[in-house]
Structures are given as structure tokens and as C-alpha cells.
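Asker: With numbering that gives the first Met the number 0 as the guide, the letters of the sequence shown map in order to residues 0 to 675.
Here's a structure for you.
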Amino acid sequence: MATTTQTDASEERRTAARPAALYGVLLFMVFLAVYFLSGASALIYEVVWTRLLSLVFGVTLHAISAVLASFMAGLALGSVVAGRLADRVRAPLLYYAVLEVAIAVLGLASLVAIRELTPTYLWLYKASGNSQEIAHGLRFALACAALLLPTAAMGATLPFIVRASLQLLPKVGENVSLLYATNTAGAAAGTILAGFFLVGQLGFQESVLVAAGLNVVAGVFALVLATLPSSRRLSSAPPPMAAVVSERPAERPNRESSVTATRLVLLAMFISGLCALAYEVVWFRILDLFLNGTVYAFSIMLGTFLVGLAVGSALIRTVIGSAWNWVLVLAMLQLLIGAQAISAEFLVGAVPAWRDGLSDNPALAPLMGRPVAAMAVACVAVLLPLAILLGMTFPVAAQALAGGRRSAGSLIGGLNASNTVGAIIGSLAGGFWLLPVLGSQRSLEALAVVNVALAAILFWAAVARRPWWRVAVPAFGLVLLVIGSAPNMVMDVYRGLFKGHEMIWFEEGLENTVSVQRHQDGYTVMYLNNRSQAFDAPAMVAYHELIGHLPMLLHPGPQDALVIGMGGGATPGAVSRYQATEIDVVELSPSVVRAATFFRHINNDLHDQSNVHITVDDGRNHMLLTDKRYDVITADVIQAHHAGSGNLYSREYYELAKGVLRDDGLMVQWVNPALP
0 MATTTQTDAS
10 EERRTAARPA
20 ALYGVLLFMV
30 FLAVYFLSGA
40 SALIYEVVWT
50 RLLSLVFGVT
60 LHAISAVLAS
70 FMAGLALGSV
80 VAGRLADRVR
90 APLLYYAVLE
100 VAIAVLGLAS
110 LVAIRELTPT
120 YLWLYKASGN
130 SQEIAHGLRF
140 ALACAALLLP
150 TAAMGATLPF
160 IVRASLQLLP
170 KVGENVSLLY
180 ATNTAGAAAG
190 TILAGFFLVG
200 QLGFQESVLV
210 AAGLNVVAGV
220 FALVLATLPS
230 SRRLSSAPPP
240 MAAVVSERPA
250 ERPNRESSVT
260 ATRLVLLAMF
270 ISGLCALAYE
280 VVWFRILDLF
290 LNGTVYAFSI
300 MLGTFLVGLA
310 VGSALIRTVI
320 GSAWNWVLVL
330 AMLQLLIGAQ
340 AISAEFLVGA
350 VPAWRDGLSD
360 NPALAPLMGR
370 PVAAMAVACV
380 AVLLPLAILL
390 GMTFPVAAQA
400 LAGGRRSAGS
410 LIGGLNASNT
420 VGAIIGSLAG
430 GFWLLPVLGS
440 QRSLEALAVV
450 NVALAAILFW
460 AAVARRPWWR
470 VAVPAFGLVL
480 LVIGSAPNMV
490 MDVYRGLFKG
500 HEMIWFEEGL
510 ENTVSVQRHQ
520 DGYTVMYLNN
530 RSQAFDAPAM
540 VAYHELIGHL
550 PMLLHPGPQD
560 ALVIGMGGGA
570 TPGAVSRYQA
580 TEIDVVELSP
590 SVVRAATFFR
600 HINNDLHDQS
610 NVHITVDDGR
620 NHMLLTDKRY
630 DVITADVIQA
640 HHAGSGNLYS
650 REYYELAKGV
660 LRDDGLMVQW
670 VNPALP
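Put into C-alpha cells, the structure is as follows:
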């Protein structure tokens with residue numbers, strides 16, 4: 000009789016627990032939806048801010064790097080500050096809700112702040128004595144001034160939402176993987192939405208309004224979750240230690256080893272963030288050889304990268320609850336990342352053949368005929384595997400670091416900040432040092448060596464007391480040996496893309512990869528990545544020369560002329576024939592300036608003309624900062640759909656041009672008749 004009563008009571012408890020369990024699942028689904036919206040809004044802001052600030056600072060690598068570095072610096076700062084606070088508050092979800100609303104308000108205020116940057120930038124530049132070196136620092140400082148508060152608020156959300164998640168699902172590793180995957184999936188959606196629809200269809204201001212609206216919705220839902228009875232009850236006190244301990248509490252390290260492990264994991268995530276962003280910079284440059292450099296290329300690449308991060312984080316969640324040595328898992332991930340970078344060198348040269356093969360398939364030909372689909376094939380084949388591995392890294396490090404600690408918010412905040420600071424350095428090192436000095440292939444190999452070395456350190460720390468760790472040494476050495484047998488990746492790509500061409504010269508410079516090639520019909524062609532920039536066919540040369548001659552002939556007495564863009568130099572070369580005129584040629588890429596020396600026969604030996612002054616800068620930035628006034632402004636043939644070139648078709652550009660023209664000056668611009 001007693002047994003029957005106990006059985007009935009157990010069944011009643013299970014029956015009563017089912018609605019509660021379902022309620023908990025629904026709460027957590029809403030919780031994840033909140034962080035999805037937060038991720039989407041963050042990347043909409045980033046896309047809009049990058050585009051808006053390019054109208055102030057230009058689209059040089061220095062300018063864009065300053066914007067991105069300031070964005071990530073704010074994230075790191077917010078993560079550190081909030082991490083110290085998150086573990087001390089009883090209702091972290093309320094703080095998170097306030098932060099989301101604050102991001103909306105600060106995001107809207109950023110439009111005003113950015114609008115005020117132009118006169119401030121101009122005044123400070125003049126006060127510095129027109130120093131280009133100081134201008135680089137000014138861009139970073141002013142971008143920080145405009146973006147620091149909203150980006151710091153964004154960075155502060157992670158520690159609070161991780162801390163709040165422990166009140167719904169008390170497992171650090173599983174929570175971080177879910178939150179990271181969800182937020183990153185939202186970021187991918189925001190990137191694609193902003194890049195393909197919002198900015199083009201609605202404009203900058205309306206796009207920011209959409210992002211702010213997403214923040215407000217996320218904040219309201221978070222506030223509702225925080226005030227629900229079950230949530231209030233759980234938030235009345237810090238979660239018990241049993242709620243956050245790892246699955247193997249008996250193996251919790253002592254304090255000294257815990258501090259050592261914490262420092263090691265933080266260092267590992269710093270290096271991992273550095274390598275991840277450097278990989279991103281290098282692979283974006285390589286993949287741009289396939290993507291035609293359109294305004295959609297960056298959105299496709301970044302979207303693919305973010306989708307990979309989300310998939311990786313979601314995949315690792317299936318095992319994150321296991322009682323594994325997570326430092327060892329982190330070591331294996333670093334080894335796989337290094338190995339993937341090396342294996343990609345063997346695969347990337349075959350991407351043009353794969354793409355052509357898919358295009359020849361009758362069923363796939365209509366899809367592959369669309370540029371976006373062709374771009375996606377290259378991105379998925381090369382970038383997605385790396386991004387998936389990188390997406391696994393942060394949740395694994397979080398589990399290794401905070402799986403058995405009470406101060407999860409503080410540790411996750413520190414982990415995120417360490418990773419973000421590494422990412423800032425990696426993005427700068429990738430663009431300013433690795434690519435120009437080592438080139439893309441040697442850069443990948445150098446980064447792979449760093450990943451393998453980091454894997455070796457983590458592996459030794461994880462299993463140093465066990466003799467079998469020495470068995471892994473040949474595996475690390477094998478990865479390094481494979482580097483020596485890798486093919487010439489860039490040349491393989493060029494052979495696949497430019498059949499029937501003979502390479503004369505190429506350079507992986509700061510801004511892009513520029514090559515000069517001999518066409519099988521005998522013409523010399525300059526390519527920026529994979530799009531034709533100049534070639535010496537007589538009809539094309541005559542057309543470009545006309546753009547230079549026309550304004551010079553129409554103006555009664557031009558003394559000063561400005562040419563935006565060099566290309567092969569036919570347009571500025573034509574202008575340079577008017578010896579009484581001083582000519583300023585402003586070219587974005589120093590590699591293009593060097594490549595133009597192979598076209599001396601069509602550009603009037605432009606580099607050696609005494610009346611020609613060549614400046615490497617963004618054309619808009621030059622007009623904003625110069626004190627000079629011109630009688631004539633003309634430009635190379637520039638397509639509006641190429642990345643960054645749309646700025647030369649903007650209202651702001653024409654206002655700048657009008658400002659630097661003399662009263663009787665005139666401007667000529669080539670316009671594609673297909674534009675609306």
C-alpha cells in the first residue's frame with residue numbers, strides 16, 4: 000500500500016513538472032530570440048557606421064581599419080566593465096534590458112555625432128599641420144568618440160545575459176554556446192539584411208531606426224522575462240554553487256592551478272582572436288579575387304563567416320555538457336584551425352574549376368549565372384570550414400574557464416574582452432603587415448604556425464603529467480612539414496581565373512591585389528583583384544584619353560587640374576600633355592600607382608612628368624582636406640557598384656567637388672548609362 004502511494008505521488012510530481020518544464024523551455028526560447036535581435040541590430044549598426052564614416056574619412060585601409068578597431072575597442076571595454084558588475088547584481092536581466100534600450104538611444108545619437116565629425120576632423124587636421132600620419136590617429140580617435148558609448152553598451156550585454164541565463168539553464172558551457180550561436184546567427188541576418196536591402200532601399204538613417212527598433216523590442220522582451228514570477232524568484236539570490244559547477248566537481252583544480260589555467264585560457268583566446276581576424280582579412284582578400292569587388296561581396300563574405308561561427312557554436316553545444324578535459328579540446332581545435340588553413344591552400348586553386356563545373360551543369364546553370372550564387376560557392380568552399388571551427392572555440396574556452404566558477408559573468412566578460420583585443424590587433428596586423436610584407440600564402444602559413452604552437456602549449460598544459468602526450472608531437476610536426484609542400488596558391492587561382500593570360504607582375508598591397516597580365520591577343524591588362532582596370536587596346540585608350548582632354552579643351556585657361564583615380568594612367572596622361580597646367584592625381588591604391596609604370600606607352604610617362612603630382616589617398620578625403628582650388632576635376636572610369644566607389648556618386652562627393660572648384664571651374668564624370 001505504501002509503495003503504491005509513493006508511486007502515485009511520484010507520478011503526480013512528474014505530471015506537475017511537465018508544464019513547468021515546458022514553461023522553462025518557452026522562456027529560454029524567448030530569451031534566445033532576444034539575443035538574436037541584439038546580434039542583428041549590432042551588425043546593422045556596424046554596416047551603416049562603416050559606410051557613413053567612409054564618407055568622412057574615405058575608404059582607404061587606414062580609414063576602414065580605424066573604424067573597425069574603434070568598434071571592437073568599445074566592445075572589449077564594455078565587456079570588461081560589465082563582467083565585473085554582472086556577478087554582483089541580483090537581477091542581471093533587468094540590467095540587460097536597460098542596456099538594449101540604451102543601445103537604441105545611443106545608436107540614434109550616433110547619427111548626429113557622425114554628422115558633426117567632418118568639421119571637427121577638418122579643424123584638427125589643419126591644426127596638426129596637414130600631417131597624414133596624424134590624420135590616421137585622428138580617424139581612430141574621432142571614430143572612438145562617435146562609437147565608443149554604443150559599442151561599449153553592446154559589449155556589456157554578454158556578461159549580463161550569460162549571468163541571467165544561469166537562472167534559466169544552469170550550465171555555463173551550454174548557455175554560452177547557445178547564446179553565442181544565436182547572437183552570431185542574428186549578426187549574420189543583420190549583415191545580409193543591411194547589405195542587400197536596408198541601406199539600398201531605405202537609406203542610412205532609416206536603417207539605424209530599424210536597428211534601434213530591434214534593440215527596443217529586445218529590451219522590452221528582456222524586461223518582461225525579468226519581471227515574470229519565476230524569473231523574479233530565481234533572481235532574488237545568486238544561483239547556488241550546485242547550479243554552476245562543472246560535471247566533474249571532484250576534479251576542480253586548486254587555487255594556484257586555477258589561476259594558471261585561467262591565465263592560459265585567456266592568453267589562448269587572445270591569440271585565437273588575433274589569428275581569427277587576421278585569417279578573416281587574408282581570406283577576404285583571397286576570396287575577393289572571385290567576387291568582383293562589388294558592394295555585395297563584403298556582405299556575402301561576412302555573412303558566410305558569421306553563419307559558420309553560429310553553426311560551429313551550435314554543433315559544439317551537443318557535447319559541451321560532457322565531462323571532458325576542455326583545455327585539451329581547445330588545443331585540438333587550435334590544431335584543426337591551423338591544419339584547415341594549410342589544407343585550404345591546396346583547395347583554393349581548384350575553386351574556379353569547381354565553379355565552372357557547376358555552371359556547366361544544366362540544372363544549376365540558371366542559379367550559377369547569378370553573381371551572388373557564384374560568390375557564395377567560393378565563400379562556402381573556403382571560408383565556411385574555418386568559421387565553423389572558430390565558432391566552436393569561444394564556447395569551449397568558456398567551459399574550460401568558467402565551468403566550475405561562481406563568478407561566471409566576470410570570467411566570460413574577461414574572456415570576451417581578451418578575444419576582442421586580440422581581434423583588434425589581428426585585423427590591423429593582417430591588413431597593414433601580413434599581406435603587404437608576407438603575401439596571402441605566407442600569411443596563412445604564419446598564422447597556421449601560431450595556431451599549431453598554441454595547440455602544443457595547451458596540449459602540454461592539459462596532459463603534461465601523462466606520458467602519452469608525447470605521441471602528439473609528430474602530429475604537430477606534420478602540419479609544419481606540409482607547409483613546405485603547399486602549391487603556389489595565388490598563381491593557381493590566377494591560372495584558373497585568367498585562362499590564356501601570362502602574368503607579368505602582381506602585388507598584394509594594402510588596398511587590393513593588383514596584377515599586370517599579357518592577354519593572349521597581345522594586349523596588356525591591369526586587374527584589381529579579378530576585375531579589369533585598364534588595358535592598352537587603342538579604342539579603350541582613346542576613350543579614357545577623351546575623359547582627360549574634354550574638360551581641358553572646354554576650360555579657357557586651366558591652371559590646376561585634379562584627376563581622381565589613376566588606373567593605367569590614360570586619363571591623367573592626357574591631362575598631363577597640357578604643360579601649363581599643374582595636375583594632382585589622387586589614387587587610392589599604391590599598388591595601382593606602381594602597376595601603371597607598365598603602361599607608360601599609353602600614359603605619356605605620367606610618373607616622370609614635372610607638372611604631375613601623384614598622391615595616394617581617397618579622392619573624397621583629399622578634397623575634404625585640401626586648401627587648393629582647381630579649374631578642372633575629372634576622374635578615371637569608376638563603376639558605382641564596386642565596393643567603396645558609390646561614394647563618388649554621392650551628394651556629399653559633388654558638394655566637396657563644388658567646394659574645391661574655382662568659380663569658373665568645371666567637372667567631368669563618366670556615368671554608366673545603366674544607372675537609374
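Positions of the beta carbon are idealized from the N, C-alpha and C atoms, including for glycine.
Pick from 189, 121 and 69: whose alpha carbon is nearest that of residue 42?
Answerer: For the residues 189, 121 and 69, the minimum Cα distance to residue 42 belongs to 189.
Asker: Secondary structure at residue 614, three-state DSSP: helix, strand or coil?
Answerer: Of the three classes helix, strand and coil, the one that applies to residue 614 here is strand, per DSSP.
Asker: To the nearest angstrom, how far is the alpha carbon of residue 670 from that of residue 425?
Answerer: Approximately 38 Å between the Cα atoms of the pair.
Asker: For residue 80, which residues of its own chain have a beta-carbon under 7 Å away from its beta-carbon, when the five flanking residues on both sides are left out?
Answerer: Contacts found: 155.
Asker: Drop a sphere of 10 angstroms on the beta-carbon of residue 255, count the other beta-carbons inside from all chains shown, and report buried for 16 or more, exposed for fewer.
Answerer: Its pLDDT being 45, under 50, residue 255 is placed unreliably in this model, and the value from its coordinates should be taken loosely. With fewer than 16 Cβ atoms within 10 Å of its Cβ, residue 255 is classed as exposed.
Asker: So the candidates are 659, 387, 88 and 114; which of them puts its Cα closest to the Cα of residue 332?
Answerer: Per the Cα distances, 387.
Asker: Since I believe residue 221 is in contact with residue 120 (beta carbons under 8 Å), could you give me their beta-carbon distance rounded to a whole number of angstroms?
Answerer: In fact, because the Cβ distance is near 37 Å, the residues do not count as touching under 8 Å.
Asker: Quick check: the Cα distance between residue 127 and residue 136, rounded to an integer number of angstroms?
Answerer: Using only the alpha carbons, I get a separation of about 11 Å.
Asker: Under the rule that 16 or more other beta-carbon atoms within 10 Å means buried, what is residue 586, buried or exposed?
Answerer: Answer is buried; the Cβ neighbour count reaches 16.
Asker: Start and end of the beta strand (DSSP E) containing residue 604?
Answerer: From DSSP, residue 604 is part of no beta strand (DSSP E); its letter is neither H nor E.
Asker: For the 8 Å Cβ check, are there 3 or more pairs between the stretch 540–552 and the stretch 607–617?
Answerer: No, the stretch 540–552 is not in contact with the stretch 607–617.
Asker: Which first and last residues belong to the beta strand (DSSP E) in which residue 527 is found?
Answerer: 523–527 is the extent of the beta strand (DSSP E) around residue 527.
Asker: How many whole angstroms separate the CB atoms of residue 106 and residue 44, which I take to be in contact at a CB cut-off of 8 Å?
Answerer: The pair is a contact, with the Cβ atoms about 6 Å apart (cut-off 8 Å).
Asker: Pull the bridge partners of residue 502 from the DSSP assignment, please.
Answerer: DSSP lists 516 as partners of residue 502.
Asker: Which of helix, strand or coil does DSSP assign to residue 339?
Answerer: If DSSP states are grouped into helix, strand and coil, residue 339 belongs with the helices.
Asker: Is it buried or exposed, residue 673, if we count other Cβ atoms within 10 angstroms and call 16 or more buried?
Answerer: With fewer than 16 other Cβ atoms within 10 Å, it is exposed.
Asker: State whether the stretch 443–451 contacts the stretch 200–210, with contact taken as three or more CB pairs (one from each stretch) at a distance under 8 Å.
Answerer: Not touching, per the Cβ criterion.
Asker: By a C-beta neighbour count over all protein chains shown, 10 Å radius and 16 as the cutoff for buried, is residue 287 buried or exposed?
Answerer: Burial call: buried.
Asker: On the three-pair Cβ rule with 8 Å, is the stretch 421–439 touching the stretch 296–304?
Answerer: Not touching, per the Cβ criterion.
Asker: When DSSP builds the beta bridges, which residues end up paired with residue 629?
Answerer: Bridge partners of residue 629: 660.
Asker: When we look at the beta-carbon of residue 132 and count the other beta-carbons within 10 Å, is it buried (16 or more) or exposed?
Answerer: Classification of residue 132: exposed, given that the 10 Å Cβ count is below 16.
Asker: If you compare alpha carbons, which of 52, 412, 589 and 596 is closest to residue 70?
Answerer: Out of 52, 412, 589 and 596, 52 has the C-alpha closest to the C-alpha of residue 70.
Asker: Who are the Cβ neighbours of residue 391 in its own chain at under 8 Å, not counting the five residues just before and after it?
Answerer: Hits under 8 Å: 311, 312, 314, 315 and 332.
Asker: Among 115, 503, 138 and 273, which residue has its Cα nearest to the Cα of residue 418?
Answerer: Cα-wise, what sits closest to residue 418 is 273.
Asker: Could you work out which residue in 82, 308 and 181 is closest to residue 411 when comparing CA atoms only?
Answerer: Answer by Cα proximity: 82.
Asker: Count the other C-beta atoms from every protein chain shown that fall within 10 angstroms of the C-beta of residue 89, then say buried if there are 16 or more, exposed otherwise.
Answerer: Exposed.
Asker: Alpha carbon to alpha carbon, how far is residue 576 from residue 626?
Answerer: If I take the Cα positions, the gap works out to 25 Å.
Asker: Considering only the alpha carbon of each residue, which of 50, 280 and 31 lies closest to residue 429?
Answerer: Considering only alpha carbons, the answer is 280.
Asker: Between the beta-carbon of residue 266 and the beta-carbon of residue 389, is there less than 8 Å?
Answerer: No, these two residues do not count as a Cβ contact at 8 Å.
Asker: Can the beta-carbon of residue 146 be found closer than 8 Å to that of residue 109?
Answerer: In contact: residue 146 and residue 109 (Cβ atoms closer than 8 Å).
Asker: Under 8 Å by Cβ, that's how I've got residue 184 and residue 46 pegged, so tell me the actual separation to the nearest angstrom.
Answerer: Actually they are not in contact, since the Cβ atoms of residue 184 and residue 46 sit about 16 Å apart, beyond 8 Å.
Asker: With residue 139 and residue 210 assumed to form a contact (beta carbons below 8 Å), what rounded beta-carbon distance in angstroms separates them?
Answerer: Wrong, their Cβ atoms sit about 23 Å apart, outside the cutoff.
Asker: Which runs of the alpha helix (DSSP H) at least 4 residues long sit entirely within the stretch 396–452? Give them in chain order.
Answerer: Those alpha helix (DSSP H) runs which fall completely within the stretch 396–452 and span 4+ residues are 407–428.
Asker: Starting from residue 595, trace the beta strand (DSSP E) in both directions and tell me its first and last residue.
Answerer: Element bounds for residue 595: n/a, residue is neither H nor E.
Asker: Any idea if residue 662 is buried or exposed, counting beta-carbon neighbours within 10 angstroms, 16 or more meaning buried?
Answerer: Classification of residue 662: exposed, given that the 10 Å Cβ count is below 16.
Asker: How many whole angstroms separate the CB atoms of residue 544 and residue 559, which I take to be in contact at a CB cut-off of 8 Å?
Answerer: Not quite, the Cβ-Cβ distance comes to about 20 Å (not below 8 Å), so this is no contact.
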